[in-house]
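Colleague:
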Amino acid sequence: MNRVTLGALAVAAMGMALAGCSSSSKTSTSSATTVAPTTTAPPSVALAQNAKEGAILTDSAGRSLYLFAKDTGTTSACTSAGCAGTWPAYTVSGTATAGTGLDSSKLGTATGQAPNQVTYAGHLLYYFARDAAPWSGPTAAR
Numbered sequence: 080m081n082r083v084t085l086g087a088l089a090v091a092a093m094g095m096a097l098a099g100c101s102s103s104s105k106t107s108t109s110s111a112t113t114v115a116p117t118t119t120a121p122p123s124v125a126l127a128q129n130a131k132e133g134a135i136l137t138d139s140a141g142r143s144l145y146l147f148a149k150d151t152g153t154t155s156a157c158t159s160a161g162c163a164g165t166w167p168a169y170t171v172s173g174t175a176t177a178g179t180g181l182d183s184s185k186l187g188t189a190t191g192q193a194p195n196q197v198t199y200a201g202h203l204l205y206y207f208a209r210d211a212a213p214w215s216g217p218t219a220a221r
């Protein structure tokens, strides 16, 4: 179980790190952030299998969730408008619940990029704005 969970976090970190590397020369000095809409139904973070990516974290709708390797604990390093627009925080209005295959004691919320941002194993979780479908992962935008 721990190996699968760590593998899912490693895959998510790698995906976010790779997608964060772009050839754009634009820089942003704005500190505005874009936040995904707060989930109103009881959310769930689940472990799913994706044919291309392997074990991944998803929300209750099957959308891929990611962590940002440059975050420090629950302090978000994704603070520019461009980063926050590409990687909106996964937030909840109540308590996040762990789905099948995940240790519920590792699930929580923190104030990272936004209030009530969901965490797993101490890592803030994000969506990738250009994911086209559930479980699509960062490769769908390439």
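In terms of the numbering used here, the sequence shown opens at residue 80 and continues consecutively. C-beta: ideal position from N, C-alpha, C; glycine also. It should be emphasised that the depicted structure is a prediction, and the values quoted were computed from it without experimental measurement.
Since Ala163 is in the beta strand (DSSP E), which residue starts that stretch and which ends it?
Modeller: As a first step, residue 163 must be located in the sequence shown, where it is residue number 84. Segment Ala160 to Thr165 is the alpha helix (DSSP H) holding Ala163; no beta strand (DSSP E) there.
Colleague: Please list, in chain order, all residues of the same chain as Thr154 whose beta carbon is under 8 Å from its beta carbon, the five residues on each side excluded.
Modeller: Residue numbering aside, residue 154 sits at position 75 when the sequence shown is read from its first letter. Answer for Thr154: Gly191, listed in chain order.
Colleague: Have a look at Pro121 and Leu144 and give me their C-alpha separation to the nearest angstrom.
Modeller: Start at 1 with the first residue of the sequence shown, and residue 121 comes out as number 42. Start at 1 with the first residue of the sequence shown, and residue 144 comes out as number 65. For Pro121, the predicted structure reports a pLDDT of 47, less than 50, and the residue's modelled location is therefore unreliable. The matter cannot be settled from this model.
Colleague: Distance, Cα to Cα, Arg142 vs Leu126?
Modeller: Residue numbering aside, residue 142 sits at position 63 when the sequence shown is read from its first letter. Residue numbering aside, residue 126 sits at position 47 when the sequence shown is read from its first letter. Arg142 and Leu126: Cα-Cα distance of roughly 11 Å.
Colleague: Any idea if Asp182 is buried or exposed, counting beta-carbon neighbours within 10 angstroms, 16 or more meaning buried?
Modeller: Taking the first residue of the sequence shown as 1, we reach residue 182 at position 103. The residue in question, Asp182, is exposed, as its Cβ has fewer than 16 Cβ neighbours within 10 Å.
Colleague: Per DSSP, what kind of secondary structure is Ser183 in: helix, strand or coil?
Modeller: Sequence index remark: in the sequence shown, residue 183 carries index 104 (1-based). Three-state result, Ser183: helix.
Colleague: Which residue's Cα is closest to the Cα of Ala200: Pro194, Asp210, Ser184 and Phe207?
Modeller: Along the sequence shown, read from residue 1 onward, the residue named residue 200 stands at position 121. That would be Ser184, whose Cα lies nearest to the Cα of Ala200.
Colleague: Hey, out of Phe147, Ala212 and Val197, whose CA is closest to Gly173's CA?
Modeller: Residue numbering aside, residue 173 sits at position 94 when the sequence shown is read from its first letter. When only C-alpha atoms are compared, the closest one is Val197.
Colleague: Buried or exposed: which applies to Ala193, given that a residue is buried once 16 or more other Cβ atoms fall within 10 Å of its Cβ?
Modeller: What you label residue 193 is simply residue 114 of the sequence shown in a count that begins at 1. Classification of Ala193: buried, given that the 10 Å Cβ count is 16 or more.
Colleague: Would you mind sorting Ala168 into buried or exposed? The rule is 16 or more other CB atoms within 10 Å of its CB.
Modeller: Within the sequence shown, the letter at position 89 stands for residue 168. Buried, by the Cβ-count rule.
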